[in-house]
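Trainee: Residue numbers (the working numbering): 5 to 134. First the structure, then my questions, so here it is.
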């Protein structure tokens, strides 16, 4: 998929810093190219499965040009490790747990479709259904 999605963490309705060390731990085994100047990683989990990942802000990770079951499972693991949500502009806000709703800003809870998804397949389904 060639659009941007965003891994973000919230506390008390405000953006919160992500644990970038944990993000690097999750992604490191799959890195096939990097540009430290851009905080860019290209990751792959197998033939035809890849994503471009930008770790350029302490409060979000941008992912684009992503696809494949392995990449979506990697994304689910990243959300788990970072205690984060996935923002799909024009689509849903994807949570790992229903109770994560309470950490979001009221406007996000009220104006975005919220979907609970635990696996890469469930995340893919939520994105495709939007």
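Backbone N, C-alpha and C fix where the C-beta goes; we use that ideal spot for every residue, glycine too.
1. Measure the C-alpha to C-alpha separation of residue 13 and residue 36 and round it to an integer number of angstroms.
2. How many angstroms separate the CA atom of residue 100 from the CA atom of residue 41?
3. Would you be able to state if there are at least three C-beta pairs under 8 Å between the segment 48–62 and the segment 90–98?
4. Whether or not the segment 67–75 and the segment 15–26 are in contact is what I'm after, with contact meaning three or more pairs of Cβ atoms, one per stretch, closer than 8 Å; do they touch?
5. Tell me the DSSP secondary structure of residue 69 in three-state form.
Mentor: Considering the structure as presented:
1. Residue 13 sits at position 9 when you count from the first residue of the chain shown. Residue 36 sits at position 32 when you count from the first residue of the chain shown. Roughly 26 Å between the two C-alpha positions.
2. For the purposes of this step, residue 100 is taken as the residue at position 96 of the chain shown. For the purposes of this step, residue 41 is taken as the residue at position 37 of the chain shown. In a straight line, the C-alpha of residue 100 is about 31 Å away from that of residue 41.
3. no
4. no
5. Against the chain shown, residue 69 aligns to sequence position 65. Of the three classes helix, strand and coil, the one that applies to residue 69 here is strand, per DSSP.
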